[in-house]
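Trainee:
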Amino acid sequence: MNVPTDRRYGPTHEWYLLEDDLLVLGVTEQGQELLGDVVFAQLPEVGSKVERGQACATLESVKAASDVICPVDGVVIAVNAALSDSPELINDDPFDTGWILHIRPSGDPDEWMSAEDYQAQFD
1 MNVPTDRRYG
11 PTHEWYLLED
21 DLLVLGVTEQ
31 GQELLGDVVF
41 AQLPEVGSKV
51 ERGQACATLE
61 SVKAASDVIC
71 PVDGVVIAVN
81 AALSDSPELI
91 NDDPFDTGWI
101 LHIRPSGDPD
111 EWMSAEDYQA
121 QFD
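Here it is as structure tokens:
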């Protein structure tokens, strides 16, 4: 299982990466495997406010729908528009082309797990 060490990992299989003053949010490899084939991504509009601990997007798969939990209060400054036509990017490349949102945080994000702690759950 691929678990990049430059990110933090949530208990419900999301990841975030801090890049300068932005937070990139996505779903882990394990998360997309649990979901199955993603067929639709419901994303917020750019400019929407998001709240720490609340759903900020929803992914629908052939198995179920799953909320993407936000690790920080902030404003959505970009959504991955490619997911509209190709939601399978989340399955194919969850850590790169399958990212979900870019958020401008209005505070510090939750201290989610390190890559090592996240990986240890599956060893």
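Residue numbers (this note's numbering): 1 to 123.
Using N, Cα and C, we set each Cβ at its ideal position, and we do this for glycine too.
In this text, all values refer to a predicted model and were calculated from it rather than measured experimentally.
On a Cα-Cα basis, can you pick out the residue from Met-1, Tyr-118, His-102 and Ser-114 that is closest to Cys-56?
Mentor: Indexing the sequence shown from 1 puts residue 56 at position 56. Nearest option by C-alpha distance: His-102.
Trainee: Spatial neighbours of Val-3 within its chain, please: CB distance less than 7 Å, with the 5 preceding and 5 following residues excluded, ordered by chain position.
Mentor: Here the question's residue 3 lines up with position 3 in the sequence shown. If we look at Val-3 and ignore the five residues flanking it on each side, its Cβ neighbours are Ala-115, Tyr-118 and Gln-119.
Trainee: For a minimum of 4 consecutive residues, which ranges assigned as the alpha helix (DSSP H) are wholly contained in the region 2-75?
Mentor: 29-35
Trainee: With Val-38 and Gln-32 assumed to form a contact (beta carbons below 8 Å), what rounded beta-carbon distance in angstroms separates them?
Mentor: Counting from one through the sequence shown, the residue named residue 38 turns up at place 38. Counting from one through the sequence shown, the residue named residue 32 turns up at place 32. Going by Cβ atoms, the distance from Val-38 to Gln-32 rounds to 7 Å, so yes, they are a contact pair.
Trainee: I need the straight-line Cα distance from Gln-190 to Tyr-16, nearest angstrom please.
Mentor: In the structure as shown, the chain begins at 1 and stops at 123. Residue 190 is therefore absent and cannot be evaluated.
Trainee: What number of angstroms, rounded off, separates the C-alpha of Val-72 from the C-alpha of Thr-28?
Mentor: Locating residue 72 in the sequence shown gives position 72, where the first residue counts as 1. Locating residue 28 in the sequence shown gives position 28, where the first residue counts as 1. Their Cα atoms are separated by approximately 18 Å.
Trainee: For Ala-103, which residues does DSSP report across the bridge?
Mentor: Numbered from its first residue, the sequence shown carries residue 103 at position 103. Per the sequence presented here, residue 103 reads as Ile, with Ala not at that position. DSSP output for Ile-103 lists Leu-23 and Val-76 as bridge partner(s).
Trainee: Excluding the five sequence neighbours on either side, which residues of its own chain have a C-beta within less than 6 Å of the C-beta of Arg-8, listed in chain order?
Mentor: Here the question's residue 8 lines up with position 8 in the sequence shown. Excluding residues within five positions, the ones whose Cβ falls inside 6 Å are Tyr-16 and Trp-112.
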